[in-house]
Amino acid sequence: MENKDDRILLRNNPVFVIGIACLLAILMFSGSLLAYLHSDTKKTIEQIQANNLRSIETPKELPLSAELNDAYLDQLETNIQTQISSHSDETDYSSAELTDSALGL
Amino acid sequence: MKRSELFVSVVFILSAIPAVLVSAQTDVSLSDVGTYSVDARTARIAALREQYRIKLSDKERELVVTRCEPAQTSLQKIAFRLNETHIARTVTYDDVIGSLDTVRTLIVAKQIDPSNIELLTVEYQLKKATFEIAVSDYQTALEDSIQVDCKAQPEDFRAALEGVRSARKDVVNSSTQITELTNSNLKTAFDTLKLKLGTGDGVVDGK
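These protein sequences, in sequence, are chains B and U. Residues in the first sequence are numbered consecutively from 2, following the numbering used here. Residues in the second sequence are numbered consecutively from 172, following the numbering used here.
This is how it looks when you write it as structure tokens:
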């Protein structure tokens, strides 16, 4: 009898009901978050962000004069050579970092 | 069943639904891909073991087993940096090809034969495609070396590492070809074009 009264009291207790609702909300949020982290959606978004970054990255200025002459071509040639030579194979793809000693083997 | 027990049961069932959904989704969409990917990696590493005739002595095995995990961490950093340099280089090469395309437009507007610039553009496009393939192979080789269970299969890790070294060489070779193209053919093509601009030689409509 006393036990039944306790249960009724518990059901009527708003703190208990709100607590259960919050627990349910947390569980569902965790589930959704887990689903998102495991889904392909996250990878797709990361890929889109990477692509956006690539397209937003402003290209180095190349002369786009409408006048085609020797000076224009000289300037363009210099700019292209500067751009290409700005990438160092030794820095970007160093063989030294793949040696056994560099890898600690 | 008491009401409170029923309520608790419903809560637990509801909480299990997202986990079941995640599991089901993963099973449906990625299970096959994962299997194929692992099979492909196993095949690649087996080929590399055969190619480089990887055989480790007991001492070498132990050395690899004890030290391979930090090595894999270093390889992971190299893979991360590779992605960054790949993006930077792709931007540069696309810029160059875009600039040559602009030059071609200007040449056509002047009614001069654009074939040498078109040829140069195609050469850049081909070299860039070769570079892209080499980088993709390098990324795959790095991924293989990072994913292989180096403690259980030290020979496989060794083979994967040799694959990484070989793939790096291909990337450097393809990059060198682009540099060489820039140093030789670009100048030649522009010099020819300057000559045409000065003399009016090569005018398409025969004026």
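Don't be surprised by glycine CBs; every beta carbon is placed ideally from N, CA and C.
Asked, Found
"Contact belief for V319(U) with L77(B) at Cβ below 8 angstroms, rounded distance in angstroms", "That belief does not hold up - the Cβ atoms of V319(U) and L77(B) are roughly 47 angstroms apart, past 8 angstroms."
"Residues bridged to I85(B) (per DSSP)", "DSSP lists no partner for I85(B)."
"Three-state secondary structure assigned by DSSP to I283(U)", "strand"
"Which of helix, strand or coil DSSP assigns to T100(B)", "coil"
"Below-8 angstroms beta-carbon distance, L219(U) vs any chain B residue", "no"
"Nonlocal neighbours in the same chain, by C-beta distance under 7 angstroms from L219(U), ignoring five residues either side", "A330, A331, E333 and G334"
"Contact list for P241(U) against chain B, beta-carbon separation under 7 angstroms", "G105"
"Between the CA atoms of N354(U) and T83(B) - distance to the nearest angstrom", "11 angstroms"
"Given A242(U) as reference, the closest of E294(U), G369(U) and L313(U) once Cα atoms are compared", "L313(U)"
"Whole-number beta carbon distance between K365(U) and D71(B), since they are thought to touch under 8 angstroms", "5 angstroms"
"Cβ separation of K298(U) and L352(U), assumed to be a contact under 8 angstroms, to the nearest whole Å", "6 angstroms"
"Reduced DSSP category for E68(B) - H, G, I as helix; E, B as strand; rest coil", "coil"
"Burial state of D75(B) (16 or more Cβ within 10 Å)", "exposed"
"Three-state class that DSSP yields for Q243(U) in the structure shown", "helix"
"Test: K365(U) CB closer than 8 angstroms to a CB of chain B", "yes"
"Chain-ordered neighbours of R339(U) on chain B, where CB pairs are closer than 9 angstroms", "Y94, S95, S96 and L99"
"Whole-angstrom distance between I216(U) and G105(B), CA atom to CA atom", "21 angstroms"
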